[in-house]
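Chemist: Numbering (full-length UniProt numbering), first residue to last: 1 to 535. Just so it is clear, CB atoms sit at the ideal spot from N, CA and C, and this is done for glycine as well. Nothing here was measured: the structure is a model prediction, and the numbers come from that model. Right, I'll just put the structure down here and ask away after.
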């Protein structure tokens with residue numbers, strides 16, 4: 001599906017390379033950029049967009065997206081289209097819905113309900129990566145790439161076992177990862193504070209990353225801690241990359257929790273040192289302080305072994321429940337990044353049951369005080385009632401760290417946005433305009449051309465895309481036209497589903513998906529498969 005022609009007359013082209021912007025006419029036809037004329041002499045036979053005073057840039061690439069299910073259930077995808085996103089990378093944090101068998105899919109649907117929902121009547125008509133990508137190809141608003149999720153692979157091969165993989169199991173996991181890469185995945189993700197991926201040792205990750213490197217993919221880990229021991233967790237991933245030769249992309253690279261205030265420089269020094277040793281490292285971050293996940297992710301790894309039913313049984317047992325409380329509140333659960341939980345920072349933002357709707361928008365501490373119970377008891381009782389299907393925000397970030405990390409030359413943008421729940425994190429609707437409005441125009445943390453390069457060309461290079469991420473003749477016409485004087489986010493923690501301002505037009509594969517700030521409903525997107533993979 002393509003438009004015959006679109007002519008953008010007179011915008012400032014910020015091309016995604018970091019070079020200074022320049023004024024030109026840009027002509028799009030048959031899904032490609034076919035002409036760029038700085039002299040402004042192009043004539044169009046189709047739609048003409050008068051773009052003087054506006055910026056034409058490559059469409060933004062969301063390097064860390066959790067739209068795996070919502071993109072299929074709601075393919076018009078207004079949350080991302082309205083902020084200029086034209087490509088998302090799915091399969092993040094080691095947990096997604098392919099490759100699976102029937103049993104694994106059932107477990108994942110329960111585990112990930114707090115991330116993606118579980119829409120009634122949805123057609124789960126795939127099991128492997130290739131068929132999932134084929135489902136995307138049937139019509140979505142934006143393009144999508146996919147990472148093979150390590151936790152899903154581990155669950156498929158060895159269930160929820162909290163132990164090292166046997167040689168036979170590891171060989172099978174390598175086969176499954178290789179198959180996913182052959183079918184089009186661009187790399188491997190891991191979620192090393194989420195069960196069952198958190199049960200893997202470094203040797204297992206090394207063995208899988210060797211496969212990824214052989215297929216010219218990259219490894220994107222949610223590593224073992226973003227709190228206590230964060231630098232050691234980052235270092236483990238860096239050394240893994242150096243040993244295996246597998247390119248590394250650090251997911252939602254943050255330095256959170258009180259232990260890490262002011263320590264972004266330590267992380268960046270570690271990455272610069274690794275680059276000097278030959279490591280190929282990039283990272284992504286979101287321009288907010290709060291994180292988001294499902295509430296049960298805070299549980300210690302031993303309490304999550306065996307899946308949802310086993311976890312609920314432990315929460316129902318008086319003695320085991322007390323052991324969980326001690327791990328969370330005293331020792332620092334590995335699910336809570338080794339930091340004793342501060343219930344004032346944990347805000348419930350999505351529930352399944354109407355009876356629990358009053359918890360939304362309040363911290364666990366505040367809701368517990370209102371109910372006259374201990375915070376842990378409210379936490380545990382909520383998980384039991386909701387069968388773990390509750391989502392939460394974690395208010396644990398530091399502004400100075402956020403700014404320092406986004407300025408690093410290896411940085412790209414990732415929303416990490418969850419689209420379900422009563423009050424999803426505003427980053428799902430606001431990440432990319434927030435970079436351009438708040439951090440470029442208002443705060444000057446990044447220059448406009450530099451920021452656009454972070455959000456487009458640099459991300460495309462990580463994905464090995466030679467025809468996207470840069471406004472260039474012959475490239476795919478994934479484009480965004482925005483007003484640099486008004487672009488910005490309006491989504492908030494209390495009103496998160498709010499469209500950006502200043503995003504005027506968005507094209508995906510040459511087809512308008514946003515015109516004059518309004519979604520068109522067109523579905524021109526498709527899967528973006530690793531070069532050399534079969535379609």
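In this structure, does DSSP put residue 349 in helix, strand or coil?
Modeler: Your numbering for residue 349 matches position 349 in the chain shown. Strand.
Chemist: Among 511, 352, 4 and 52, which has the Cα closest to the Cα of residue 115?
Modeler: Position 115 of the chain shown, counting from 1, holds the residue named residue 115. Per the Cα distances, 352.
Chemist: So, helix, strand or coil for residue 438, using DSSP?
Modeler: Counting from one through the chain shown, the residue named residue 438 turns up at place 438. Helix at residue 438.
Chemist: On the three-pair Cβ rule with 8 Å, is the segment 424-435 touching the segment 317-324?
Modeler: no
Chemist: Any contact between the segment 223-234 and the segment 246-264? By contact I mean 3 or more CB pairs, one from each, below 8 Å.
Modeler: Yes, the segment 223-234 is in contact with the segment 246-264.
Chemist: So is residue 305 buried or exposed if we call it buried at 16+ other beta carbons inside 10 Å?
Modeler: As a working note, residue 305 is residue 305 in the chain shown. Result: buried.
Chemist: Counting only the same chain and skipping the five closest in sequence on each side, list residues whose C-beta sits under 7 Å from that of residue 346.
Modeler: For the purposes of this step, residue 346 is identified with residue 346 of the chain shown, where counting begins at 1. If we look at residue 346 and ignore the five residues flanking it on each side, its Cβ neighbours are 363, 364, 392 and 394.
Chemist: Going along the chain, which residues of its own chain have a beta-carbon closer than 6 Å to the beta-carbon of residue 264, five neighbours each way excluded?
Modeler: Numbered from its first residue, the chain shown carries residue 264 at position 264. Taken in chain order, the residues that qualify are 255, 401, 404 and 405.
Chemist: Can you pull the DSSP bridge partners for residue 512?
Modeler: Locating residue 512 in the chain shown gives position 512, counting from the first residue. Answer is 507.
Chemist: Just to check my reading of the structure: residue 423 and residue 496 have Cβ atoms closer than 8 Å, yes? What is that Cβ distance to the nearest angstrom?
Modeler: Here residue 423 is taken as the residue at index 423 of the chain shown, counted from 1. Here residue 496 is taken as the residue at index 496 of the chain shown, counted from 1. 6 Å between Cβ atoms; contact.
Chemist: At the level of alpha carbons, what is the spacing between residue 300 and residue 229?
Modeler: To locate residue 300, count along the chain shown from 1; it is residue 300. To locate residue 229, count along the chain shown from 1; it is residue 229. Residue 300 and residue 229: Cα-Cα distance of roughly 16 Å.
Chemist: At a cut of 8 Å, does the segment 173-183 reach the segment 70-84 through at least three beta carbon pairs?
Modeler: no
Chemist: With a Cβ-Cβ cutoff of 8 Å, do residue 110 and residue 387 count as a contact?
Modeler: Counting from one through the chain shown, the residue named residue 110 turns up at place 110. Counting from one through the chain shown, the residue named residue 387 turns up at place 387. Closer than 8 Å, so yes.
Chemist: Measuring straight from C-alpha to C-alpha, what distance separates residue 329 and residue 396?
Modeler: In the chain shown, the residue the question calls residue 329 occupies position 329. In the chain shown, the residue the question calls residue 396 occupies position 396. Straight-line Cα distance between these residues: approximately 16 Å.
Chemist: On a Cα-Cα basis, can you pick out the residue from 283, 289 and 343 that is closest to residue 298?
Modeler: Start at 1 with the first residue of the chain shown, and residue 298 comes out as number 298. Selected option, being the one with the closest Cα: 343.
Chemist: For residue 412, does the count of other Cβ atoms within 10 angstroms reach 16, so buried, or fall short, so exposed?
Modeler: Mapped onto the chain shown, residue 412 falls at position 412. Counting of Cβ neighbours within 10 angstroms places residue 412 among the buried residues, the total reaching 16 or more.
Chemist: Decide yes or no for the touch test of the segment 446-455 against the segment 510-520: beta carbon pairs closer than 8 Å, at least 3 of them.
Modeler: no
Chemist: Is residue 582 buried or exposed, if buried means 16 or more other CB atoms sit within 10 Å of its CB?
Modeler: A question about residue 582 goes unanswered here, because the residues of the chain that appear run from 1 up to 535.
Chemist: Just mark residue 529 as buried or exposed, buried being the case when its beta carbon has 16 or more other beta carbons within 10 Å.
Modeler: In the chain shown, counting from the first residue as 1, residue 529 sits at position 529. Classification for residue 529: buried.
Chemist: Judging by CA-CA distance, which residue of 69, 65, 101 and 100 is the nearest neighbour of residue 92?
Modeler: Locating residue 92 in the chain shown gives position 92, counting from the first residue. Per the Cα distances, 65.
Chemist: Give a yes or no on whether the C-beta atoms belonging to residue 145 and residue 90 are separated by under 8 Å.
Modeler: Taking the first residue of the chain shown as 1, we reach residue 145 at position 145. Taking the first residue of the chain shown as 1, we reach residue 90 at position 90. Their beta carbons are under 8 Å apart, which means residue 145 touches residue 90 by this criterion.
Chemist: Would DSSP call residue 13 helix, strand or coil?
Modeler: Residue mapping note: residue 13 aligns to position 13 of the chain shown, counting from 1. It is a strand residue.
Chemist: Taking only the alpha-carbon atoms, compute the straight-line gap between residue 159 and residue 521 and give it to the nearest angstrom.
Modeler: Here residue 159 is taken as the residue at index 159 of the chain shown, counted from 1. Here residue 521 is taken as the residue at index 521 of the chain shown, counted from 1. Roughly 40 Å between the two C-alpha positions.
Chemist: In this structure, does DSSP put residue 448 in helix, strand or coil?
Modeler: Along the chain shown, read from residue 1 onward, the residue named residue 448 stands at position 448. The answer is helix: DSSP assigns residue 448 an H, G or I state.
Chemist: What residues are listed by DSSP as bridge partners for residue 218?
Modeler: As a first step, residue 218 must be located in the chain shown, where it is residue number 218. DSSP output for residue 218 lists 187 as bridge partner(s).
Chemist: If we count the other Cβ atoms within 10 Å of its Cβ and call it buried at 16 or more, is residue 382 buried or exposed?
Modeler: Position 382 of the chain shown, counted from the first residue, corresponds to residue 382. It counts as buried.
Chemist: Which residues in the same chain have their Cβ closer than 8 Å to the Cβ of residue 262, if we skip the five residues on either side of it in sequence?
Modeler: Position 262 of the chain shown, counted from the start, is the residue given in the question as residue 262. 398, 400 and 401.
Chemist: Assuming residue 30 and residue 510 make a contact with CB atoms under 8 Å, what is their CB distance in whole Å?
Modeler: As a working mapping, residue 30 is identified with position 30 in the chain shown. As a working mapping, residue 510 is identified with position 510 in the chain shown. Right, their Cβ atoms sit about 7 Å apart.
Chemist: Below 8 Å, can you find three or more Cβ-Cβ pairs linking the segment 459-477 to the segment 12-26?
Modeler: yes
Chemist: Exposed or buried, residue 183, counting other C-beta atoms within 10 Å across all chains shown (16 or more means buried)?
Modeler: Residue numbering aside, residue 183 sits at position 183 when the chain shown is read from its first letter. Buried.
Chemist: Residues bridged to residue 519 by DSSP?
Modeler: Locating residue 519 in the chain shown gives position 519, counting from the first residue. As DSSP reads the structure, residue 519 sits in a beta bridge with 514.
Chemist: Go to residue 172, then tell me how far its beta strand (DSSP E) extends in each direction, as first and last residue.
Modeler: If you number the chain shown from 1, residue 172 lands on position 172. Run containing residue 172: none in the beta strand (DSSP E); it sits in the alpha helix (DSSP H), 167-182.
Chemist: Using DSSP bridges, identify the partner residues of residue 283.
Modeler: In the chain shown, counting from the first residue as 1, residue 283 sits at position 283. In the DSSP output, where bridge partners are listed per residue, residue 283 has 250 and 411.
Chemist: Is residue 35 helix, strand or coil when you go by DSSP?
Modeler: On the chain shown, position 35 is the one that residue 35 refers to. In this structure, residue 35 counts as strand in the three-state DSSP scheme.
Chemist: Could you give the residue range of the beta strand (DSSP E) that holds residue 479?
Modeler: In the chain shown, the residue the question calls residue 479 occupies position 479. Note, residue 479: beta strand (DSSP E), 479-482.
Chemist: Which whole runs of the beta strand (DSSP E) in the segment 115-171 are 3 residues long or more, in chain order?
Modeler: Entirely contained in the segment 115-171, the beta strand (DSSP E) runs reaching 3 residues are, in chain order, 143-149.
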